[in-house]
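S.K.:
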Amino acid sequence: MSMSTPQEHLASHPEWLNDWLTRIKALKNLPSLFGMVWAAAPLVLFSSLVCRLLAALIPLAILIVTRVIIDSIYHLTSNHTPLPAAFWWIVSLEFALASLAMIASRLIDFCDGRLADKFTCYINVRIMEHAASLDLVSYEDPRFYDKLERARVQGTDRIGMIQATGRLVQEFITTVSLAASIFIFSPWILFTLILCTLPTFLNETHFAFLGYALNSQQTASRREMEYFRVLGGSKESAKELRLFGLGSFLVDRYRALSHDVHEQTFALARRRLIIGLLFALLGTLGYYGSYAFAIHETVIGVLSLGTLTLLAGAIAGANTNMQAVLGTFSSIAGQALFLTDLMEFFSVKPKVFSKPDAMLVPRPIRRGFEFKNVSFSYPGSSKLILDNINFTLETGERIALVGKNGQGKTTIVKLLTRLYEPTSGQILLDGIDIRDYNLQDLWKEIGVIFQDFMRYELPCSENIAMGRIEERKNSSRIHAAAQKSLADEIIQGLPNHYNQRLGCRFEGGVDLSGGEWQKIALARAYLRDSQLLILDEPTASLDARSEHEVFERFSELTEGKMALLISHRLSTVRMADRIFVLENGKIAEQGPHEQLIKIGGGYAKMFELQAASYR
Ligand SMILES: Nc1ncnc2c1ncn2[C@@H]1O[C@H](COP(=O)(O)OP(=O)(O)O)[C@@H](O)[C@H]1O
Ligand SMILES: [Mg+2]
773 MSMSTPQEHL ASHPEWLNDW LTRIKALKNL PSLFGMVWAA APLVLFSSLV
823 CRLLAALIPL AILIVTRVII DSIYHLTSNH TPLPAAFWWI VSLEFALASL
873 AMIASRLIDF CDGRLADKFT CYINVRIMEH AASLDLVSYE DPRFYDKLER
923 ARVQGTDRIG MIQATGRLVQ EFITTVSLAA SIFIFSPWIL FTLILCTLPT
973 FLNETHFAFL GYALNSQQTA SRREMEYFRV LGGSKESAKE LRLFGLGSFL
1023 VDRYRALSHD VHEQTFALAR RRLIIGLLFA LLGTLGYYGS YAFAIHETVI
1073 GVLSLGTLTL LAGAIAGANT NMQAVLGTFS SIAGQALFLT DLMEFFSVKP
1123 KVFSKPDAML VPRPIRRGFE FKNVSFSYPG SSKLILDNIN FTLETGERIA
1173 LVGKNGQGKT TIVKLLTRLY EPTSGQILLD GIDIRDYNLQ DLWKEIGVIF
1223 QDFMRYELPC SENIAMGRIE ERKNSSRIHA AAQKSLADEI IQGLPNHYNQ
1273 RLGCRFEGGV DLSGGEWQKI ALARAYLRDS QLLILDEPTA SLDARSEHEV
1323 FERFSELTEG KMALLISHRL STVRMADRIF VLENGKIAEQ GPHEQLIKIG
1373 GGYAKMFELQ AASYR
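So, in structure tokens, the structure goes:
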């Protein structure tokens, strides 16, 4: 006999059972959710629960008091028995109970509002922290993006679920207390009520599940919609969209996607409405049937008038609360499915991380970096971007990396900084694999400005301080870095100098040209003051002469330090100590400029060609 795996076991059930099992399994996330709520706001959660407990028991208490009042009055009018001594105190008690219910309900709203704020902040911070800890690789995977998107949207949405759970507890206690009182007087009424409410419950959970399935199926479309929406209104796209006349194209694409998504949602909501109505009618029928039965029992003298009042109130209360319990429960079960996404997102772990006993990067680095038989292809692709590469980057050496677009220059930087890991081979620092060093420490010792560097829409000084955020208050170092990168003269020309906000997203901001932004970004690299400085074509928007000026300055400033310059303009890298020419995943030529010119290979030809175009 063969053993079946849990999946096969599950698959052997009919579909409806599978759906249910998935739903029940999703509930296992509830404790972790409540763990998070507790961590976010323990005191508020506790107060809210106490108020709910109080509020839950008041309806039955009021009914019991009412029963005493009515029966006392009945006896007074029919048998002329005097009112009990404490009669008016009992009436006041009912008033006190009603006031207490009102106070509890207001306090619950108050606590829930506070809980929502605290939890939203808590969960967003956790999502941001987690997103920041993940590998670059994750960000290039669309499935990861879907997960991140769902986690982000749903993280905050889950607050409704937390409040629902609080409500569920309250409704459940009320229902049980009222049901117990009904049961004492008539078990049959209770039985009928339960029977008539059950279909609504099953139906609601069923639709909650379908809603989830639809929602996850729509994530990709919703993400695309969001992309078109942002694209249509962003500053970056504004120029091209106008000149190419793409405005209405984007609107049409958005509208088409939005139409599909909303039609699907609408179709489901319509089915839910119709079927839900039918079952709700059944519930109401059960309620009035029971009520009629209780009246009949009173008329024939089995129940007292006070008991009828109690029963009528208890049946009405139990009926609404039972429906509410089932409704709330099924909405929680449905929402718990969304929680799976959030938990899945939190369970994505970075693959690139520091070993537990990782070493600190030597200060100073003695020998430098070495690529040893390094090959690399991007995850999910078989194309070898780097094919068995070997080179060294020694301390005090300025290396230039040149090559046509797409030859893998930036990839080398990503490997050197351990944003990715080699597919095979090793990268050594002072003879030790870089994987043996503490990752944060490694990053601290490498300052990189990428081709697609960030344009932070922050004041100039903070923009530069992003290179070494601990120094954000140290204006003299920030100014010195700006002078090195030639950003100082640009900043001096701005209305608010170093306090000038850049970019035009916020009021009072000033936008810069591409070349000016590059100089600001470069200042970040200078402020970083790390042992290895890398410039990955950040000067591409500068004209050849300005790039030359920036690079010349860079090589002066990095004299005696380790530096890696990347450019496709050969005229600007000749000051490097050694030049590597990257071609078809290999280093085709290497050596100082003069030597490469002398051997008359590809570099010499390319240099001649580019020089000719400037003449
Ligand atoms: N995230 C990625 N996933 C898959 N392929 C990539 C990725 N990034 C770059 N590539 C591919 O790797 C090659 C080298 O890219 P890159 O290192 O950026 O070149 P360079 O900086 O020399 O212009 C290119 O062919 C590019 O298409
Ligand atoms: Mg590049």
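Heads up, the sequence shown is in our numbering, so the first residue is 773 and it goes up one at a time.
From the three backbone atoms N, C-alpha and C, an ideal C-beta is built for every residue, glycine too.
A quick note: this is a predicted structure, and the numbers were derived from the prediction, not measured.
#1: I'd like to check one pair, threonine 1079 with threonine 838: are the Cβ atoms closer than 7 Å?
#2: Identify, in the order they occur along the chain, each residue of the same chain with its Cβ nearer than 7 Å to the Cβ of tryptophan 1289, setting aside the five sequence neighbours on each side.
#3: State the CB to CB distance for the pair phenylalanine 1143 and asparagine 1162, rounded to an integer number of angstroms; the pair is presumed to be in contact (CB under 8 Å).
#4: Sorry if obvious, but does the Cβ on alanine 1223 come closer than 6 Å to a heavy atom of ligand 2?
#5: Does ligand 1 have a heavy atom nearer than 6 Å to the CB of glutamate 1234?
#6: Looking only at C-alpha atoms, which of Thr937, Lys1216, Val941 and Gly1048 sits nearest to glutamate 976?
#7: Got a sec? Which residues, its chain only, sit under 7 Å from glutamate 1116 by beta carbon, not counting five neighbours each side?
#8: Under 7 Å Cβ to Cβ from aspartate 1213, same chain only, skipping five residues before and after it: list those, please.
#9: Can you determine whether any heavy atom of ligand 2 sits closer than 6 Å to the C-beta of lysine 890, and answer yes or no?
#10: Which residues have a Cβ closer than 6 Å to any heavy atom of ligand 1, listed in chain order?
#11: By alpha-carbon positions, which one of Glu1169, Asp1301 and Leu1098 ends up nearest to glutamate 1331?
#12: Can you look up alanine 1348 in the DSSP assignment and give me helix, strand or coil?
#13: Mind reading off the beta-carbon distance from alanine 1066 to leucine 1083? Whole number of angstroms is fine, and I expect it under 8 Å.
#14: Three Cβ pairs or more, each shorter than 8 Å: is that satisfied between the segment 977–992 and the segment 858–868?
#15: Just to confirm, are threonine 1167 and glycine 1140 a CB contact at a threshold of 7 Å?
#16: Counting only the same chain and skipping the five closest in sequence on each side, list residues whose C-beta sits under 8 Å from that of threonine 969.
#17: Considering aspartate 1032, what are the terminal residues of the alpha helix (DSSP H) in which it resides?
#18: How big is the Cα-Cα spacing for glycine 807 and phenylalanine 1051?
#19: Can you look up methionine 1226 in the DSSP assignment and give me helix, strand or coil?
#20: Can you check whether the CB of alanine 903 is closer than 7 Å to the CB of leucine 826?
#21: Are the C-beta of alanine 1096 and some C-beta of chain B separated by less than 7 Å?
#22: Just verifying my parser: in three-state terms, what is the DSSP assignment at leucine 1201?
#23: If you reduce the DSSP assignment to three classes, tell me which class leucine 782 lands in.
#24: Mind listing, in chain order, the continuous alpha helix (DSSP H) runs of no fewer than 4 residues lying wholly within the segment 851–923?
#25: Is the beta carbon of glutamine 1179 within less than 6 Å of some heavy atom of ligand 4?
#26: Leaving out five residues before and five after serine 774 in sequence, what residues of the same chain have Cβ atoms less than 6 Å from its Cβ?
#27: Skipping 5 residues on each side, what residues in its chain have a beta carbon closer than 7 Å to that of glutamine 1179?
#28: Contact defined as beta carbons within less than 8 Å: I believe glutamine 942 pairs with alanine 1088. What is the distance between those atoms, to the nearest angstrom?
#29: For my contact list, lysine 1123 and aspartate 907 are in at a C-beta cut-off of 8 Å; report their separation, rounded to the angstrom.
#30: Less than 7 Å between C-beta atoms, sequence neighbours within five positions excluded: which residues of the same chain meet that for alanine 1086?
#31: Does DSSP put threonine 777 in a helix, a strand or coil?
#32: Would you grab the beta carbon distance between alanine 1293 and isoleucine 1171 for me? Rounded to a whole angstrom, and I think it's under 8 Å.
#33: I'd like to check one pair, serine 988 with leucine 1029: are the Cβ atoms closer than 7 Å?
#34: Decide if tyrosine 1375 is buried, meaning its Cβ has at least 16 other Cβ atoms within 10 Å, or exposed.
#35: Could you tell me which uninterrupted beta strand (DSSP E) segments, each at least 3 residues in length, are contained entirely in the segment 1301–1344, listed from first to last along the chain?
#36: Provide the residue(s) that pair with glutamate 1279 in DSSP beta bridges, ordered along the chain.
M.R.: Taking the coordinates as given:
#1: no
#2: Arg1227
#3: 6 Å
#4: Residue identity differs from the one stated: residue 1223 is glutamine in this sequence, not alanine. Glutamine 1223: yes, Cβ under 6 Å from ligand 2.
#5: no
#6: Gly1048
#7: Lys919
#8: Leu1132 and Val1133
#9: no
#10: Glu912, Tyr1150, Ser1153, Ile1157, Gly1175, Asn1177, Gly1178, Gln1179, Gly1180, Lys1181, Thr1182 and Thr1183
#11: Glu1169
#12: coil
#13: 5 Å
#14: no
#15: yes
#16: Gly1055, Gly1058, Asn1091, Met1094, Gln1095 and Leu1098
#17: 1019–1071
#18: 36 Å
#19: coil
#20: no
#21: Absence of chain B from the displayed structure is noted, only one protein chain being present.
#22: strand
#23: With a pLDDT of 43 at leucine 782, under the threshold of 50, the predicted position of this residue should be treated as unreliable, though the coordinate-derived value follows. Three-state result, leucine 782: helix.
#24: 859–905 and 908–911
#25: In the structure shown, ligand 4 is absent; the only ligands present are ligand 1 and ligand 2.
#26: Since pLDDT at serine 774 reaches only 38, below the 50 mark, its modelled position is unreliable, and no value is offered.
#27: Leu1354 and Glu1355
#28: Wrong, their Cβ atoms sit about 17 Å apart, outside the cutoff.
#29: 6 Å
#30: Leu835, Leu950, Ser953 and Ile954
#31: Summary for threonine 777: the model assigns pLDDT 38, below 50, so the residue's position carries little reliability, and this model does not support an answer.
#32: With 8 Å as the limit, alanine 1293 and isoleucine 1171 do not qualify as a contact, their Cβ atoms being about 21 Å apart.
#33: no
#34: buried
#35: 1304–1308 and 1334–1339
#36: None; glutamate 1279 has no bridge partner.
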